[in-house]
Amino acid sequence: MSTQYLSELKTKLVGKLPGYRFVDKGSSLFSIMKDNQEVAVVRDAGDHVIVTIGSKDYKYDKWYTKPEHLANVIINYFTTLK
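First residue of the sequence shown? That's -10 in the working numbering, and the numbers climb one at a time after it.
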């Protein structure tokens, strides 16, 4: 069971990134997968959400960055990779 923030975030992402899957890896962590490859990890770290892409961590304050805003950032990132 994901945290409420991660659940809301995944709800905003589903259907917006064709070809990507969202796989729960624990109560505070999920992976974004494409072609059976993990392309990102999203982790709830208390007051922050950390998005790891490759070897880089991007840290977002949960109280400032609402799930719908972070979803837009993630969608924009992955749609520009095409």
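Each residue gets a CB set at the ideal place from its N, CA and C atoms; glycine is no exception.
Predicted, not measured: the structure shown is a model, and the values here were computed from it.
Backbone CA spacing between residue i and residue j [nearest angstrom]
i	j	result
Ser17	Ser44	19 Å
Tyr49	Leu59	8 Å
Ser20	Leu(-2)	12 Å
Arg32	Thr68	21 Å
Asp46	Gly35	15 Å
Gln(-7)	Lys5	20 Å
Residue i - DSSP class collapsed to helix/strand/coil
i	result
Thr41	strand
Leu(-2)	helix
Val62	helix
Residue i, buried or exposed, once every other Cβ within 10 Å from all chains shown has been counted against 16
i	result
Pro7	exposed
8 Å Cβ cutoff met for residue i and residue j
i	j	result
Val38	Ala29	no
Ile63	Leu2	yes
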